[in-house]
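Residue numbers (our numbering), protein chains in the order written: chain R, 716 to 1191; chain U, 716 to 1191; chain G, 716 to 1191.
Printed below as a string of C-alpha cells:
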C-alpha cells in the first residue's frame, strides 16, 4: 500500500564518529537477539490472558492509553476531549477514532526529537511495516491499513508477545487484586507473566478513595481490617499470595523517600485516625515513611525485591484530574532528598545483600550526588534505569554518564520499560540497548575499558542485570 | 591598519565529526539570513530614537555597560574604580578611557573559553573588522581605530540596527515609563522597537526606593495611588498604554516563583503597610506571589505575554552595591522550586492556550526535573532560552539536551539576547543558531530525526518560535 | 614473568574524533613532563620521613588504605572483614593478604568503567610493569611479583616520590599535630613536603572525641584551653607553627557551608557548653559557621589559603562505623546551598584578592548555579577541582563543561589528587591532564579558542593554577 520509504537507521542512537560507531554496532549485534526482560511495567494482564484479545483501533492502540502522547498534544492546545480521552464528569468526547488519528497525524511534528517520536517511528516501521512518515495527507490511509492489521491473529497481544521475544513480563497490581488473569495464565502454564505487589492504594493514606481501597483489601483477605495489626497481617498474606503467583517484587511510590519507623502504638493511632477520617497533617508522611520500613522488613523476610519510585507530584492540574482522572500527563516531578530520608531504612536493612532495594527518581541532580554513592556502598541498594521523562536517548546518556563511575555498572538494575503501551516494548528496549552499547563503545575508544570487557558489560546491561536484580532466575 | 589575521571559524560551535559538521553547516546556511527577532533585552530605546546618537568611546561601547565583562576583571582583583565604573559615593574613578581599554586588553586572556570572549571576538572581527587578537601591545592602536570607526555614521546605532538585520527589538521599561523614545520612534513609523512592561519596581515591595517608584507611577497615571485597588487600576492602565505603544509582553522577576492569590482585604492590608513603611516579614513574598497571579489574570484579559525570570539573589555583595549600585556583576543564582510554587498560577490560568507564560531560571537542575515537564503539559507554558550565565555554547547544549526530549521543541520560545550590549546582538544570535543547528545535526546523525525535519526545526528555533511565543506577528 | 600484553592507550581519555584527538595529544605532550603539584591530599608524612619505609604487601599498598576500593567490593556483598579491614570491636578479620588479594582479583570486573579501575590499571602497568589484566587465575602470581618489587629500594616511597616527579606534596594534619615528620624532613632539607592546618577535630564540636582532641591541642600549646579566647589564641599559635613548617594552606570540612559571625559572648557561651558537655541543638552549626568566619579572618591576617570541603554526611552507616570506624566508604553527599550560606563570609572577606578561599563540593548541580558565579565575581574565591566521587573522567568533563564558561579558567585552582593512595598520584594527575587537554582541544575544534591559547591554558590547568592558588611559589 505504501510507497515512500522511511529511514530508520540501523545505527540510530550511536555517536557519529566512525570508530566508536563501529564498536557500538558490534556490541549491539552481540546482544540484539537476547530475549527481552521486562521486570517492571503497566501492561494489562487481561490482554495476554485471553488468546482472542485484540488491541482495537489504531487510536485505542497508540493514543488513548498513552499519556506521553496526549499530554504533548494537550500542551499545544488540543483539548483532551478532542482526543477521545474518557471523562469522569460526562463531558462529551470525540468518538470517531479515525478523526482522532487525523488530529494526531496533523500534529505528529510535535514529537520530533522526543522519545515518543522515536518509539512511534520504530513501532510503525518494525511492528506494522508502515515505512511512510505519518502526516496529514496519509493519515487516513495509514489508519485504515493499521486497522486491518490489528484485526489479524498475528497482531494479537499473544502473537506479538512471542514475536517480541519477551522472556518475562511483570505487571503492576494492587494489593487487593485477585490476580485472576495471572491465575488463568498460570493454569495454562504461561509463566512468563508475573504480578508485582503494589500496595500504594492502601498504604498511602491520602490516596483518593483510600477507604474503598481498604474495603477491597478486606474482601481480598476475607475479613475486616479494623486495626493496624490486622492491616499488616493482610499485607503479609497478600504478599505471600502474590509470591505464589510468581511475583518476585513489590513496588512503592511516594512523593518523597522519607523513611522512619513508628512505634506500634503510633502506627495504630494513625491507622485508627485514617479509619475515622480524622488524619492529622503529618500523619500521611509519617505513615508512608513507616510503611517503607515495614515493606523492607517484609522483603527481608519473604525475599521479594523492593522498588521505590519517588519524586513526583501526581495530578498537578486539578482541572484535568476532575474531568479525566489520574495518569493523564499532569504529573510533575519534585526535588527530593535521598541521603537523609533513606538513612533509617538503610541502617536497618541496607547491609543485607539478599535484600534488593531498587531506587527510581526523577531528580537527575541526585544521580551523582546521592543515588550512585548509596548504590556504591550499601549491599542492598541497586539503581533502577532512567525513569519516565528520562527514559530517552539523552536521559540514558546522562544516566550512564552520571551514575556509572561512582555506582559501578554492577550496582544497577538493567532496564525496564515501565510501559502501558505494549507494542512500544521492543522499541524501548532497543533504545536502551543502543544507548548502552554506544556508552560502552565510548569507554573503549577513550581507552577506559577493553573491548572484550565491553561485550560482557553489554550482555549485563541488556539482560543479566535485570534478571539478577529482580531475582527472575528462580520460579518458586 | 591591522595586518595579522585572526581566525573566526565559519564552523565555530559545531561538533568536529565531519558528517555532523556538514549537516550543521547546511542547517545554519539555510537560516543564517533570517532576520533577528529580539523579543527580550535591555537596549536603551534612546540609542535608536535619535538618529544622531553615537556609542561613544570603545570603552563606553564595550566595557562600561557590560557587567559580564567587568565582573570577570573584578574577580581577578582589578578594582571597578580602575575600570571607570561610576560610583554612587563619590569615590574617584579612572576617567581615561584609553587607559581602561589598556587594562582590559592586558587581561583579555581571562575571557578565554567564556561567552563574553566569543562575542567580543565576533564583534571585533565582524562589526569592526579588527582581525588581530587584542593584547597589551596592540591595545592602543585598536582603541584608536575603534574610536575613529565609532564616530562614523555607518557605526551609529541606527545604521547598525539595519546592518544587523533586526526585525524587531523589544526593550524593557518600568511601569511608570512615559515611553517617550518609543513614542518618538512610533511617530516616525520606526515600529520595529517595542516596549515591554516590567513593573518589578512597584510590585516587589522590598525594592530599594519603592515609595519613589510608586510616586513615579502616580505621576504616570496622573493621580494618587493610596489603595491596592488604585494600584491595580494604575497597572491595568499602564499595560493598556504599553500595548498601544506596541508592547506584546510583560516581564517579572523575583527570587522565587512563589505564587498564591491573596484575598482583596489581605492585599489591601499589605499594600497599606507598604505605604506606611510597616511591612511584616512575610509581606514581600506574599505580595509578589499574589501579584504574579494578578499579572497572569491581566495577561489573560489583555493578551500580553507574561515572562517570569526567577532564581537570582540581587546585590550579593553589599560593598559593591553601596559604592557602585545594582547590576554590577554581583548577582548570584539561587536554588529554586517551580513545581509547587507555580501550581496556584497554573491551576488558575495554565490551561488557557492563548495565555503565554514564558519561564526563565538559572538553576539548570530544574530543566529536566520541573521546567520541561511543566511546559510539556500546560498549554500556557513555554520555556525561555538559557538565561544569563547559561547564554553560552555549553549552556545552550545543556539546555537542548535536558529540555527538548520532554518539553518538545514547540513548547519553547526560541532565543532572546537579553542584552544591554547592542553590538553583541548578532554575535549572540549566531551562537544560538549555531549551537541549535549543531544539536539538530546531532539528532540527524544519530537517526533521531530526518534531515528534512531538521531544516524545519532550524527555522523554528532561529526565528518562528520567538515570533510566535511573543505574539510578534500582529501589530495592534 | 608476565606474558600477555595489556593495552593502556596513549590516547586514553581523549575524544575519538581524529582532529580533536590530535590536538589533545599535542597539548598533553606539551605539559606531560611538568612536575606534579599536589597541594591537597592525605599521604602520611611518616612514609616519606623515613628513607627505609616500605609500603608492605600488595594488599597493604592497594586495598587496605583505599576506601574507594573496598567500598565497591562491600557494595556487592563482600564483608569488610574478609578484606582485612581492621575492626574496632575485636571482630576477627582475614589476615592472609594473599587471600584478600585473590578476592580483589576475583571481583576486579566491578571496577570496569570506574576511576579506581583506571587508576589501578595505570599503576599496575606504569609503576609496576604488570601488563597482564588482573583476574582470578593470575592473582597469586601477580601478588608474588608485586610483593618482590615492593621490597626493592626503587619501590620505596622516597624513590617513587622522585620517580613521580612530584614538586610539592601537602599533607593534611590536625591542629594539634606536632608535625614531627615534617620537622624531620625539614631538618634534612626535604622541603617538598608541606603540612596543611586542618582544625576540624577541635572546631566541629560534634566530632566524636572532641574533648580528647581539645586535650591534644592543650598539650600542643602547653596550657589549658578553658575559654573561647584561649581556644582562638591556641589556633592562631598553631597556624603560626604550621606556617613556619612550610604550610601555605588550611582545610576545613563541614556538612554545610553555613557562615555567620557570633558575638564574642555568644561564642564563649557555646564553647563553655561544649566543655561542660551541655550543647544546645543549634550550637554545633552556629559554632562551625562562626569558626569559618574566624578562620577567614586569620587567613586574611596570616596569608594562609583557606579550603572548604562541604556537603558530605560522614558515617551514614552506623553498623560500619561501629565496627570499623570512619573513612570506610560510608560517607554520602548531601544537597547544599552556597549562595546564602557563604554570603556573610564573602561580604566580610571576599573582596580581598590576597585572601584565597578554595571551594569544594559534591553537589554538582551547584557548579553552574552557585559556585561558578561566586568565583566569577569575588576576588577571593577560587574553585577547587572535582572532588572525591567526581575525580573521574566524566566528573571532570562535567566540571569543565559546567564551570568554565562562567567562572573562567583563571578563577579555578588547578588539580589536587586528595589521595591516601600514594602510588595512585601519577595516574590521577594523568587523568586530570588528559581530560583537561581534551576539553581544550574541544574548544579549539569548535573554534572557541585559538590553538596557541590552548597551550597556555594547558600549562595553567596542569601546573600554574595550583601553584598560584596555594601560594606555593614562596617558601617562608
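Note that beta-carbon positions come from the ideal geometry of N, C-alpha and C, so glycine has one too.
DSSP on residue i, reduced to helix/strand/coil?
i, result
"residue 848 of chain G", "coil"
"residue 744 of chain U", "helix"
"residue 1097 of chain G", "strand"
"residue 1177 of chain G", "helix"
"residue 1077 of chain R", "coil"
"residue 1182 of chain R", "helix"
"residue 952 of chain R", "helix"
"residue 1054 of chain R", "coil"
"residue 1188 of chain G", "coil"
"residue 1192 of chain U", "The structure shown does not extend to residue 1192 of chain U, since chain U spans only 716 to 1191, so no value can be given for it."
"residue 758 of chain U", "coil"
"residue 781 of chain R", "coil"
"residue 980 of chain R", "helix"
"residue 823 of chain G", "helix"
Look up residue i in the DSSP assignment and give the residues it is bridged to.
i, result
"residue 909 of chain R", "R:885"
"residue 1048 of chain U", "U:1027"
"residue 1072 of chain R", "R:1021, R:1096"
"residue 753 of chain G", "G:884"
"residue 967 of chain R", "R:1023"
"residue 1127 of chain R", "R:1098"
Using a Cβ cut-off of 7 Å, pull out every chain C residue sitting near residue i, in sequence order please.
i, result
"residue 726 of chain U", "The chain labelled as chain C is not found among the protein chains of the depicted structure, namely R, U and G."
Pick from the options: whose alpha carbon is nearest that of residue i?
i, options, result
"residue 791 of chain U", "G:722, G:1183, G:1188", "G:1183"
"residue 1130 of chain U", "U:769, U:1111, U:1082, U:795", "U:1111"
"residue 755 of chain G", "G:879, G:886, G:994", "G:886"
"residue 892 of chain U", "U:884, U:934, U:901, U:859", "U:934"
"residue 723 of chain G", "G:1173, G:1150, G:838", "G:838"
"residue 760 of chain G", "G:981, G:742, G:955, G:873", "G:873"
"residue 1118 of chain G", "G:1132, G:1101, G:1134", "G:1101"
"residue 967 of chain R", "R:746, R:876, R:1076", "R:1076"
"residue 1053 of chain R", "R:1028, R:1043, R:1070, R:1088", "R:1088"
By how many angstroms is the C-alpha of residue j removed from the C-alpha of residue i?
i, j, result
"residue 1097 of chain U", "residue 1017 of chain U", "18 Å"
"residue 889 of chain G", "residue 913 of chain G", "5 Å"
"residue 1061 of chain R", "residue 1155 of chain G", "42 Å"
"residue 1078 of chain R", "residue 1026 of chain R", "7 Å"
"residue 1189 of chain R", "residue 1095 of chain R", "With a pLDDT of 49 at residue 1189 of chain R, under the threshold of 50, the modelled position of that residue is not reliable, and no figure is offered here."
"residue 926 of chain G", "residue 990 of chain G", "7 Å"
"residue 763 of chain G", "residue 829 of chain U", "42 Å"
Does the Cβ of residue i lie closer than 7 Å to at least one heavy atom of the ligand NAD?
i, result
"residue 881 of chain U", "As presented, the structure is devoid of all ligands, the ligand NAD included, so that no description of it is given."
Name, going along the chain, the residues of the stretch 1097-1111 of chain R whose beta-carbon falls closer than 8 Å to a beta-carbon of chain U.
1104, 1105, 1107, 1108, 1109, 1110
At a Cβ cut of 7 Å, what residues of the stretch 1033-1060 of chain R count as close to chain U, listed as they run along the chain?
1033, 1034, 1044, 1045, 1047, 1048, 1049, 1050
Name the residues in the stretch 819-830 of chain U whose C-beta lies less than 8 Å from a C-beta of chain G; which are they?
824, 825, 826, 827, 828, 829, 830
For the stretch 778-812 of chain G, which residues have a beta carbon sitting closer than 8 Å to at least one beta carbon of chain R?
786, 787, 789, 790, 791, 792
Got a sec: which bits of the stretch 984-1007 of chain U sit with their beta carbon under 7 Å from any beta carbon on chain G, in order along the chain?
none
In the stretch 1077-1089 of chain G, which residues sit with their C-beta less than 7 Å from some C-beta in chain R, listed in chain order?
1077, 1078, 1079, 1080
What residues in the stretch 730-750 of chain R have a beta carbon less than 8 Å from any beta carbon of chain U?
730, 731, 732
Residues in the stretch 1109-1143 of chain U having any Cβ partner in chain R nearer than 9 Å
1115, 1116, 1117, 1119, 1120, 1121, 1122, 1123, 1124, 1125, 1126
Contact set between the stretch 833-854 of chain R and chain U, restricted to residues whose Cβ is under 8 Å from the partner:
833, 848
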